[in-house]
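**Q**
Residue numbers (the numbering used here): 22 to 144.
1. Which full runs of the alpha helix (DSSP H) of 4+ residues lie inside the segment 78 to 139, going along the chain?
2. For residue 21, does the three-state DSSP call read helix, strand or coil?
3. For the alpha helix (DSSP H) that residue 56 lies in, which residues bound it at each end?
4. Can you round the beta-carbon distance between residue 141 and residue 135 to whole angstroms, since I take them to be within the 8 angstroms contact cut?
5. Measure the C-alpha to C-alpha separation of residue 61 and residue 52 and round it to an integer number of angstroms.
6. Pick helix, strand or coil for residue 35, following the three-state DSSP scheme.
7. Going straight from the alpha carbon of residue 45 to that of residue 57, what length do you get?
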């Protein structure tokens, strides 16, 4: 983590904090045996969950949902709600000047114009 890296480097610590904590090496933070045990446990549990929840050959879904407009309609309605909230809480020029809002607006417009998820993904 970046906090451990800051503590392990005396040049990155303010002198007042360095006097209190000193330099804490990686062997006492992220490379402790407890961190390794936690990592191993997370990997094992993730693999078990992935194996247990994977669909079998008899339960595979077909592609009908890709051609239904319901998902796009729901997504666009949620997007319009968020955009309405964004534009009602800020002046229009401020709201649209945010790159994320601008991109989101055109992604929602594109999804609505494509109408079906498969068409939107293919584009």
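The beta carbon of each residue, even a glycine, is placed where N, CA and C say it ideally should be.
**A** Inspection of the coordinates gives the following:
1. List check, alpha helix (DSSP H) in window: 91 to 110, 113 to 118, 120 to 135.
2. For residue 21 there is no data in the structure shown, the boundaries of the chain being 22 and 144.
3. 54 to 74
4. 4 angstroms between Cβ atoms; contact.
5. Straight-line spacing of the CA atoms in residue 61 and residue 52 works out to 13 angstroms.
6. coil
7. 18 angstroms
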